[in-house]
Amino acid sequence: MKLLGLFWIFFRLGLVSFGGVFAVLPELQRALVDQGFVTSEGFVQAFVLGQVVPGPNMAMCPVIGWHVAGLPGAVVAFVGIYTGPVAIMGAAYAVYHRWRRVTWVRRLELAVRPVVLGLLGASALSLLWTAAGAHRLLALSVAAVVAVLAVTTRLGAIALLFVGAVAWSVGQALV
Amino acid sequence: MTSTRPVPTVADWLRVNLAIGTLSFGSASRIVLYEDAVVRDRGWLSADEFAEVLTVAQLLPGPNLVNLSAYLGYRLVSPLAAVLGVLCLCLPGAALAVGLSGVLAVERPWVQAPLRGMAVAGIVLLGPFFRRLLPGLGSTPDPAVPARTRARVVRGALLAGVAGATLAGASLFAVLGLAIPVALLLEFAL
Chain V
711 MKLLGLFWIF
721 FRLGLVSFGG
731 VFAVLPELQR
741 ALVDQGFVTS
751 EGFVQAFVLG
761 QVVPGPNMAM
771 CPVIGWHVAG
781 LPGAVVAFVG
791 IYTGPVAIMG
801 AAYAVYHRWR
811 RVTWVRRLEL
821 AVRPVVLGLL
831 GASALSLLWT
841 AAGAHRLLAL
851 SVAAVVAVLA
861 VTTRLGAIAL
871 LFVGAVAWSV
881 GQALV
Chain F
57 MTSTRPVPTV
67 ADWLRVNLAI
77 GTLSFGSASR
87 IVLYEDAVVR
97 DRGWLSADEF
107 AEVLTVAQLL
117 PGPNLVNLSA
127 YLGYRLVSPL
137 AAVLGVLCLC
147 LPGAALAVGL
157 SGVLAVERPW
167 VQAPLRGMAV
177 AGIVLLGPFF
187 RRLLPGLGST
197 PDPAVPARTR
207 ARVVRGALLA
217 GVAGATLAGA
227 SLFAVLGLAI
237 PVALLLEFAL
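In order, the protein sequences belong to chains V and F. Just so you know, we're using our numbering here: the first sequence kicks off at 711 and counts up by one. Just so you know, we're using our numbering here: the second sequence kicks off at 57 and counts up by one.
Next up, the structure:
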């Protein structure tokens, strides 16, 4: 029953995960936390782990599944989150390959883009808030340091994640 | 598809996905890895065909990387290869993340501090995505026709509405159910 509930949460969110996991983070967090599968703290930690490993940024889902129900939970979460997108791409291939009108597809993409960006912006803010916890000033400072380095240097994603880790550790030790 | 292009076997396709799933660190740049593998290194698709596939992958729900892998798998090899390819792409990272979560004692402050720092940095890393897509908010379907201010304002308002409703706690399905029809209607009105 628990596994079914878990599958349903991941499956239905996979169906609407426009642009990836970020679009569905607030909804995912609410669904999982409200039903007692994970704490907000645990959710943020799973998100971070999902970001630092190679591959698509949805690796957080099996992490949460694992903590809820061990290996079966991880498998259910993994299958749940990826089934929708893979099936939809299959359907898209079957349909689109026949009448591919690129301008038409581009027009749809442009139409839906503000919705995707709006969802993304909202999840960035709410996630920042959750990650900050009681240390809001520290979180904003670390964000500023990383942003400045991202703009002014050519550091890659992994280097910037590392900078964030060091900056927070140093900041917390100083406070 | 032209008959002169090389066609990958299932094993070729799985190898490409496994390599990207194991070695690709750092978010958006990973799409380039597929382009390199499929277009530049092996010539399975032309650059134009790849761009077309990428548009479809970005438009539909799912992580871009997964959508790209699945669509390419369906198109270049077979449905089974598409599913197996996505498995090869996603399993290594998933297993590593689960493994790390078991090893790290995340409740310790000295483990939590760097994780929180990384979470914040990971959010900042979304910046380039916005910088790439926001200026094009007023774009027209024809690249030759310049962006229009009216479209930019209207789409900007829609973006703000979606973000505001989500932050205020509206359910994702309610937001999408309302915003997508509105977005499509606006598209025809503009």
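Backbone N, C-alpha and C fix where the C-beta goes; we use that ideal spot for every residue, glycine too. Everything numeric in this text was worked out from a predicted model, so none of it was measured.
(request) Spell out whether any CB of chain V is found under 8 Å from the CB atom of F:G99. (result) no
(request) Measuring only between beta-carbons, confirm whether F:R211 sits less than 8 Å from chain V. (result) yes
(message) For chain F, check one thing: does any of its Cβ atoms lie closer than 8 Å to the Cβ of V:I719?
(response) no
(request) Could you check if V:H807 is buried or exposed, using at least 16 other CB atoms within 10 Å of its CB as the buried criterion? (result) exposed
(message) Measuring alpha carbon to alpha carbon, tell me which residue in F:L223, F:V142, F:V63 and F:G233 is nearest F:L121.
(response) F:V142
(message) Quick check: the Cα distance between F:A245 and V:F788, rounded to an integer number of angstroms?
(response) 40 Å
(request) Have a look at V:T782 and F:V159 and give me their C-alpha separation to the nearest angstrom. (result) According to the sequence provided, residue 782 of chain V is Pro. The question's Thr does not apply to it. Using only the alpha carbons, I get a separation of about 19 Å.
(message) So if DSSP puts F:P117 in a beta bridge, which residue, or which two residues, is it bridged to?
(response) V:F728
(message) Measuring only the C-alpha atoms, how far is F:V154 from V:A733?
(response) 22 Å
(message) According to DSSP, simplified to helix, strand and coil, what is V:M770?
(response) helix
(request) Run down chain F in chain order and give the residues with a C-beta less than 9 Å from the C-beta of V:G724. (result) P117 and G118
(request) Under 8 Å by Cβ, that's how I've got V:G729 and V:L830 pegged, so tell me the actual separation to the nearest angstrom. (result) 6 Å
(request) Return the residue from the list V:G780, V:V773 and V:G752 that minimises the CA-CA distance to V:A658. (result) A query on residue 658 of chain V cannot be resolved here, the shown segment of chain V reaching from 711 to 885 and no further.
(request) Pick out whichever of V:T749, V:I798 and V:V773 has its Cα sitting closest to the Cα of V:S727. (result) V:I798
(message) Can you list, in chain order, the residues of its chain with a C-beta nearer than 8 Å to that of V:L871? Leave out the 5 residues immediately preceding and following it.
(response) Q761 and V762
(request) For V:I719, count neighbouring Cβ atoms within 10 angstroms of its own Cβ and tell me buried if that reaches 16, exposed if not. (result) buried
(request) Measure the CB-CB distance between V:P824 and F:A239 and report whether it falls below 8 Å. (result) yes
(message) Please state whether the Cβ-Cβ distance between F:P191 and V:R817 is less than 8 Å.
(response) no
(request) Within the stretch 149 to 198 of chain F, note down every full alpha helix (DSSP H) run reaching 4 residues or more, in order along the chain. (result) 165 to 180 and 183 to 189
(message) On the CB-based measure, 16 or more other CB atoms within 10 Å of its CB, does F:T58 come out buried or exposed?
(response) Low per-residue confidence applies at F:T58: pLDDT is 48, beneath 50, and the placement is therefore not dependable, though the value from the model is reported in the following sentence. So F:T58 ends up on the exposed side.
(request) Express the C-alpha separation of V:T793 and V:A849 in angstroms, rounding to a whole number. (result) 35 Å
(message) Need the endpoints of the alpha helix (DSSP H) that V:D744 sits in, please.
(response) L735 to D744
(request) Give the interface partners of F:T111 over in chain V, defined as CB-CB distance under 8 Å, in chain order. (result) V812, V815, R816 and E819
(request) With 8 Å as the threshold, decide whether the Cβ of V:Q755 is near any Cβ in chain F. (result) yes
(request) Residues of the stretch 162 to 179 of chain F with a CB closer than 7 Å to any CB of chain V: list them in chain order, please. (result) V162, A169, P170, L171, R172, G173, M174, A175, V176, A177, G178 and I179
(request) Determine the DSSP secondary structure at F:V201, reduced to helix, strand or coil. (result) coil
(message) Between V:L714, V:V778 and V:P766, which has its C-alpha nearest V:F743's C-alpha?
(response) A quick correction: the sequence has Val, not Phe, at residue 743 of chain V. Closest by alpha carbon: V:V778.
(message) Can you confirm whether V:P824, when its beta carbon is compared against all beta carbons of chain F, has any partner nearer than 8 Å?
(response) yes
(request) Using a Cβ cut-off of 9 Å, pull out every chain F residue sitting near V:V873, in sequence order please. (result) G173 and A177
(request) Can you give me the start and stop residues for the alpha helix (DSSP H) that V:A756 sits inside? (result) S750 to V762
(message) Is it the case that the stretch 872 to 879 of chain V contacts the stretch 164 to 174 of chain F, given that we only count it when at least three CB pairs across the two stretches are under 8 Å?
(response) yes
(request) Report yes if the C-beta distance between V:A756 and V:M768 is below 8 Å; otherwise report no. (result) no
(message) Using 8 Å for Cβ pairs, my map puts V:V822 next to F:I236. What's the rounded Cβ distance?
(response) 7 Å
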